[in-house]
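**Student:** Got a structure for you, questions after.
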Amino acid sequence: MKIKLGQRVKKLRKSLGLTQKQFAERIPGKINYTYVGKG
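This is the structure we're talking about:
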């Protein structure tokens, strides 16, 4: 079963207990956190 990238990121983020904003702050460079883990 294929899992989309967004779903994998969301699963990882939730396993770390982070909000989208907190997770995005850990990613180098500028990124809009509303798109991180959207899936």
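Going by this note's numbering, the sequence shown runs without a break in its numbering and finishes at 20. Here a beta-carbon is modelled for each residue, glycine too, at the ideal position from N, C-alpha and C.
1. Could you check how far apart the C-beta atoms of residue 1 and residue -6 are, in whole angstroms? I think they sit under 8 Å.
2. Considering residue -17, what are the terminal residues of the alpha helix (DSSP H) in which it resides?
3. Under the three-state reduction of DSSP, which class applies to residue 7: helix, strand or coil?
**Tutor:** With the structure as the only source:
1. 7 Å
2. No alpha helix (DSSP H) holds residue -17; DSSP gives it neither H nor E.
3. coil
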